[in-house]
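Residue numbering for the sequence shown follows my numbering, starting at 516 and increasing by one per position.
Below is one structure, written out as structure tokens; the observations come after it.
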Amino acid sequence: MESADIHPAWNASEESSKTENDFLDVDDRSATEVILSIFTMGLIIVLSISGNIFVLAAIVRERVLHSKTSIFIASLAIADLINASLNMPTILVSCIYDKWIFGEIICAAIGVSVVTACTASINTLGAIAIDRYFAIVYPFKYSERMSACRVAAILVWIWTQSVLFGLMPAFGVSEFVYIESEYLCSADWSTHLSYTIIIVLVNMGAPIILMTYSYRHIFRIASAHRKQMRTRHNLNESGADVPTGRNRTTVIAFTKRAKQLRQDTKAATTLLIVMGTFLICWLPHTITMLCFAFPSCTAIPEGFYVVSTWFAMLNSACNPFIYCITNKQFRQAFKRTFAQMLPASWKRRMDRRVNPDPTLGTTATVKAPNSNISIYSHDLSHTDDNIHSHTPTIIADCL
516 MESADIHPAW
526 NASEESSKTE
536 NDFLDVDDRS
546 ATEVILSIFT
556 MGLIIVLSIS
566 GNIFVLAAIV
576 RERVLHSKTS
586 IFIASLAIAD
596 LINASLNMPT
606 ILVSCIYDKW
616 IFGEIICAAI
626 GVSVVTACTA
636 SINTLGAIAI
646 DRYFAIVYPF
656 KYSERMSACR
666 VAAILVWIWT
676 QSVLFGLMPA
686 FGVSEFVYIE
696 SEYLCSADWS
706 THLSYTIIIV
716 LVNMGAPIIL
726 MTYSYRHIFR
736 IASAHRKQMR
746 TRHNLNESGA
756 DVPTGRNRTT
766 VIAFTKRAKQ
776 LRQDTKAATT
786 LLIVMGTFLI
796 CWLPHTITML
806 CFAFPSCTAI
816 PEGFYVVSTW
826 FAMLNSACNP
836 FIYCITNKQF
846 RQAFKRTFAQ
856 MLPASWKRRM
866 DRRVNPDPTL
876 GTTATVKAPN
886 SNISIYSHDL
896 SHTDDNIHSH
906 TPTIIADCL
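What follows is the structure in structure tokens.
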């Protein structure tokens, strides 16, 4: 639980000799613990970088995923990539050497990156909850309330706020230190209690309350609509309500709306799982932050701090797997994106296995009948808005 400030001057030769002697030093740590820690963090880095690159590639390349909600998912993937490409490698190296070897400036930069990525992630999840709330609770006002300019403004606000919170310790609100028990450079949560409270309450508590409220209403509306559909279905089965003329039009519109609501509810379920995973992964680390702020907190064993850091980093690798497991469109998009990355000879070999007759062509060019309908579309009356909502277009519409 001890944090090691790295403000003292660095002696290059001394640090070099220490580095050489301390490489994979297991005097205070078992060899199994060191190897397991290095292996798991290395695996998390590989899965996080590759998985989130696939998410971004799928969103950019696949027309079926062009929606406003996907813009927020891309923002979440970018935050995870920052975490995986900047923060995790320094944790891995610090775990290997059992100390910080990169110097004070890099420590401060990583501290900014850690706070920025975490803040951007939780606030993006809050924005996704708002997006789904308007899509399901107010479907006919969705395009107005979540316009292209508003989506762009929300993204700008999220990242501006995240960077500002990350930079606050550089302006005296706190300071950046290397926390030995977590192999991580971050803000010193023990010296400036106000900064710690702001991070926990404003950047964690407020978005969690917002997401809880939004998803509670989303599933309440979905549940009420399912009951309404069952009642109508039972009436139709009994022959008490035979649709004719205007009633037939009403039934068709109602059926379309029911289908769209089912799609939106599935999407909301996927995103709720993403939110739950984030909370599970980051809650232990939040607890350690509070324990640093309150030194009287002695009930937590030393090993919990390392585990909490690994869990927090694991979150960056989870989201791509959640999309792939719970969402058919993302799963198909990942397959097509992966196939497009293969060498041409491999593609031809795969095509021959699927289609032995060369006159049938390649499977990669076959489109699903409903491939133009986004799973994150909010209402059938606004499908065109969703289909043509590319990332550059959303930003350009506001200029």
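A virtual CB, placed ideally from N, CA and C, is assigned to each residue, including glycine.
Just so you know, these numbers come straight off a predicted model, no measurement behind them.
- By a beta-carbon distance limit of 8 Å, Met603 contacts Ile560. Their separation comes to about 5 Å.
- Under DSSP, Ala589 shares a beta bridge with no residue.
- Within its own chain, the residues whose Cβ lies closer than 7 Å to the Cβ of Thr639, once the five positions on either side in sequence are excluded, are Phe587, Ser590, Leu591, Ala594, Ile673, listed in chain order.
- The beta carbon of Thr631 sits closer than 6 Å to those of Ser677, Val678, Gly681, all from its chain and outside the five residues before and after it, given in chain order.
- For Lys850, the enclosing alpha helix (DSSP H) covers residues 843-856.
- 8 Å or more divides the Cβ of Ile616 from the Cβ of Leu596.
- The beta carbons of Arg660 and Phe649 sit closer together than 8 Å.
- With at least 16 other beta carbons inside 10 angstroms of its own, Pro654 counts as buried.
- Sixteen is the threshold: since fewer than 16 other Cβ atoms of the shown chains lie within 10 Å of the Cβ of Lys742, the residue is exposed.
- The residue from Leu699, Ile723, Thr792 with its alpha-carbon nearest to that of Tyr612 is Leu699.
- Annotation for Ala546: the continuous alpha helix (DSSP H) segment containing it runs 546-576.
- When the Cα atoms are used, Val608 and Ser600 turn out to be separated by approximately 13 Å.
- Distances from the alpha-carbon of Tyr710 to those of Ala827, Ile694, Leu805, Met856 put Leu805 closest.
- Cβ-Cβ distances below 6 Å link His800 to Ser823, Ala827 in the same chain, with the five nearest sequence neighbours on each side left out; the list follows chain order.
- According to the DSSP assignment, Thr706 belongs to no alpha helix (DSSP H), since it is labelled neither H nor E.
- Taking the Cβ atoms as the reference, Cys833 lies roughly 16 Å from Thr784, outside the contact range of under 8 Å.
- For a cut-off of 8 Å, the C-beta gap from Ala573 to Ala782 is around 15 Å, too long to register as a contact.
- Within the same chain, Ala808 come within 7 Å of Leu708 by CB-CB distance, once the 5 residues on both sides are set aside.
- In this structure, Ala644 lies near Met726, with their beta-carbon atoms less than 8 Å apart.
- Taking 8 Å as the cut-off, the beta carbon of Ser696 is found no closer than this to the beta carbon of Pro810.
- For Ile736 and Tyr657, the gap between their C-alpha atoms comes out near 15 Å.
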